[in-house]
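In this note's numbering, each residue's number is its place in the sequence shown (first place is 1) plus 40.
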Amino acid sequence: MKYVWTAACFGLLAAAGCQIRQPYHPPAAPVPAAYKEPPPAAFQESKEWQSANPADGFSRGHWWEVFGDPVLNTLEEKAVTANQNVKSAAARFQQARAFVRESRASKYPAVAVAPSIVNERFSRNRPLASASGKTTFGDFRLPVDAAWEPDLWGRVRMLVDSSVGNAQAEAADVESVRLSVTAELALDYFDLRSYDLERSIVDNAVKTYERALELTRNRYEGGLANRLDLEEAETQLEATRAQAIDITAQRAKLEHAIAVLAGQTPEEFSLAEQTTIPTPPAIPAGVPSALLQRRPDIAGIERRVAAANAQIGYARTAFYPRVLLTAALGLEGTSMANWMNWPSAFWAVGAAALQPLFDAGRRRAVVDENSAGYDALVADYRQTVLTAFQQVEDNMASLRVLEAEATRQHAAVEAAKRSEALSMNRYRGGLVTYLEVAILQAIRLQNERTAIGIERRRMESSVLLIKALGGGWDAKSLPTERELVAGRQRP
Numbered sequence: 041m042k043y044v045w046t047a048a049c050f051g052l053l054a055a056a057g058c059q060i061r062q063p064y065h066p067p068a069a070p071v072p073a074a075y076k077e078p079p080p081a082a083f084q085e086s087k088e089w090q091s092a093n094p095a096d097g098f099s100r101g102h103w104w105e106v107f108g109d110p111v112l113n114t115l116e117e118k119a120v121t122a123n124q125n126v127k128s129a130a131a132r133f134q135q136a137r138a139f140v141r142e143s144r145a146s147k148y149p150a151v152a153v154a155p156s157i158v159n160e161r162f163s164r165n166r167p168l169a170s171a172s173g174k175t176t177f178g179d180f181r182l183p184v185d186a187a188w189e190p191d192l193w194g195r196v197r198m199l200v201d202s203s204v205g206n207a208q209a210e211a212a213d214v215e216s217v218r219l220s221v222t223a224e225l226a227l228d229y230f231d232l233r234s235y236d237l238e239r240s241i242v243d244n245a246v247k248t249y250e251r252a253l254e255l256t257r258n259r260y261e262g263g264l265a266n267r268l269d270l271e272e273a274e275t276q277l278e279a280t281r282a283q284a285i286d287i288t289a290q291r292a293k294l295e296h297a298i299a300v301l302a303g304q305t306p307e308e309f310s311l312a313e314q315t316t317i318p319t320p321p322a323i324p325a326g327v328p329s330a331l332l333q334r335r336p337d338i339a340g341i342e343r344r345v346a347a348a349n350a351q352i353g354y355a356r357t358a359f360y361p362r363v364l365l366t367a368a369l370g371l372e373g374t375s376m377a378n379w380m381n382w383p384s385a386f387w388a389v390g391a392a393a394l395q396p397l398f399d400a401g402r403r404r405a406v407v408d409e410n411s412a413g414y415d416a417l418v419a420d421y422r423q424t425v426l427t428a429f430q431q432v433e434d435n436m437a438s439l440r441v442l443e444a445e446a447t448r449q450h451a452a453v454e455a456a457k458r459s460e461a462l463s464m465n466r467y468r469g470g471l472v473t474y475l476e477v478a479i480l481q482a483i484r485l486q487n488e489r490t491a492i493g494i495e496r497r498r499m500e501s502s503v504l505l506i507k508a509l510g511g512g513w514d515a516k517s518l519p520t521e522r523e524l525v526a527g528r529q530r531p
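Printed below as a string of structure tokens:
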């Protein structure tokens with residue numbers, strides 16, 4: 041018997057050395073040597089634009105601090121901890137982490153104890169009744185059962201690899217959701233601040249038009265202006281007041297959106313008006329190859345590719361036999377008196393194997409199914425990489441173009457102010473009608489609002505560029521298998 045078990049152990053060790061491992065290499069993706077779009081003119085003097093780490097410009101995980109706005113910083117901190125989408129993603133990560141522990145448990149034997157006490161009375165008239173006539177029996181059992189399936193072909197190892205890959209992907213998803221939520225909050229916040237500034241300009245225009253209306257009314261009563269001038273001045277004033285109301289409505293929607301992103305209800309949240317917008321910060325783009333490690337969505341899909349690769353190997357192990365080792369040890373007696381005696385001891389040791397011989401192609405179909413899923417994820421990964429490069433290029437182009445547009449628009453605003461002042465002097469001197477003044481005032485107001493709109497788009501492009509670059513995140517921060525099992529890291 042001893043030699044039989046020795047041979048069995050050597051056989052298991054030899055089989056374990058023949059594990060089927062599914063080799064994995066991250067899929068290749070098209071990566072340009074450099075970005076196509078040049079940086080904005082304001083950043084071109086910096087030699088670090090192309091070579092700097094994109095995280096150099098802002099704190100790791102707190103990218104919004106680069107804008108230097110304390111109110112925004114406070115709101116972002118609330119969003120990171122209180123936003124429900126972030127909490128949902130974190131809960132899914134914890135679920136994936138628990139599955140890692142569950143799959144790793146298959147590496148070890150399962151041990152169970154199932155004590156039982158049964159008293160039975162059999163019928164005297166049953167077939168083959170005992171000759172002694174005894175009909176009452178007791179069965180007192182205290183068994184300890186153990187079962188273990190050796191991981192001969194790496195089936196459990198590949199299941200663990202798949203669960204680890206999926207858990208890491210969920211961790212990256214948490215970062216993706218955080219980045220999306222904080223970026224959306226920043227976009228809404230800067231839009232709201234631009235509406236504050238726009239409302240301030242419109243309110244100043246209303247005051248100017250009120251004075252113009254008073255001047256026109258005095259001139260009309262003095263016979264120096266006609267009724268048409270008065271109506272034009274009043275029309276312009278009321279139309280501008282309507283614009284101010286519309287801006288207020290737009291601001292209210294943004295305030296409500298910010299409240300929800302920060303995990304609050306709109307009725308308990310408000311933001312005081314602030315008529316300043318920060319200057320777009322310099323944001324180094326880094327080298328394109330670094331983007332694959334900086335974007336949590338790219339890291340997440342790559343980890344899912346790795347998990348799918350492990351699933352292929354897991355499916356292939358179905359072609360090989362499964363071995364189950366079992367053992368039992370315990371005590372069994374007919375009464376409390378003899379239950380714990382040494383003669384009541386029993387034990388059993390055994391092994392079983394299962395080798396499917398025919399399944400009408402089911403196992404091959406499962407392998408093909410997992411292989412097709414892997415190919416689909418590889419295509420998704422490459423598309424995600426391409427989209428990431430597009431987003432970086434788009435926002436770099438926007439920043440560059442909007443910087444030049446802002447310069448031109450500023451010149452247009454100044455020219456409109458001069459034209460309005462000259463026209464008002466001409467009107468006071470009776471050289472022109474109020475129609476000319478109204479037209480030039482409307483042109484000035486429109487140019488000022490356009491200038492604010494350009495600044496708003498510049499801030500939006502800055503936020504979107506930071507988001508496209510990953511917000512300072514790095515794939516090295518993904519939890520390892522040991523950290524997933526130990527629970528030392530929470531996204």
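Here a beta-carbon is modelled for each residue, glycine too, at the ideal position from N, C-alpha and C.
Determine the burial state of Arg-496: buried for a count of at least 16 other Cβ atoms within 10 Å of its Cβ, exposed for fewer. buried
How should Val-111 be labelled, buried or exposed, when 16 other C-beta atoms within 10 angstroms of its C-beta is the threshold for buried? exposed
Do you know offhand how far Gly-108's Cα is from Tyr-414's? 44 Å
On the DSSP bridge assignment, give the partners of Glu-156 in chain order. Correcting the residue identity first, residue 156 is Ser in this sequence and not Glu. Answer by DSSP bridge pairing, in chain order: Arg-181.
Given 8 Å, three or more beta-carbon pairs between the segment 188–207 and the segment 327–338: no
Classification of Ser-91 by the beta-carbon crowding that lies within 10 angstroms, buried from 16 upward: Confidence at Ser-91 is low in this model, with a pLDDT of 43, below 50, so the placement of that residue is unreliable and no value is reported for it.
Which of helix, strand or coil does DSSP assign to Arg-281? helix
Between Ala-400, Thr-316, Val-441 and Thr-424, which has its C-alpha nearest Ala-233's C-alpha? Note on identity: in this sequence residue 233 is Arg, with Ala being the wrong assignment. Out of Ala-400, Thr-316, Val-441 and Thr-424, Thr-316 has the C-alpha closest to the C-alpha of Arg-233.
Alpha carbons only, please: which of Ser-329, Phe-309 and Arg-281 is nearest the one belonging to Lys-293? Phe-309
Here's the rule: buried if 16 or more other CB atoms are within 10 angstroms of the residue's CB, otherwise exposed. What is Gln-351? buried
When DSSP labels each residue in this structure, what does Thr-473 get in the three-state scheme? coil
Quick one: Cα of Ala-289 to Cα of Arg-448, how far? 30 Å
For Glu-139, does the three-state DSSP call read helix, strand or coil? According to the sequence displayed, residue 139 carries Phe and not Glu. Three-state result, Phe-139: helix.
So, Tyr-75 versus Thr-256, is the Cβ gap smaller than 9 Å? no
For a test of the three-state rule: what should DSSP assign to Glu-313, helix, strand or coil? coil
Whole angstroms is fine: what's the gap from Ser-99's alpha carbon to Leu-219's? With a pLDDT of 49 at Ser-99, under the threshold of 50, the modelled position of this residue cannot be trusted; read the value that follows with caution. Cα to Cα, Ser-99 sits roughly 14 Å from Leu-219.
Assuming Leu-225 contacts Glu-116 (C-beta within less than 8 Å), just tell me the rounded distance between them. 6 Å
Roughly how many angstroms separate the alpha carbons of Gly-469 and Lys-247, rounded to a whole number? 22 Å
Inter-stretch contact (C-beta, 8 Å, three-pair minimum) for the segment 137–145 and the segment 154–161: no
What span of residues does the beta strand (DSSP E) with Val-327 cover, start to end? Unbroken run through Val-327: none, as it is neither H nor E.
Leaving out five residues on either side along the sequence, give the residues of the same chain with a beta carbon under 6 Å from the beta carbon of Trp-12. Past the edges of the chain, shown from 41 to 531, lies residue 12, and the structure says nothing about it.
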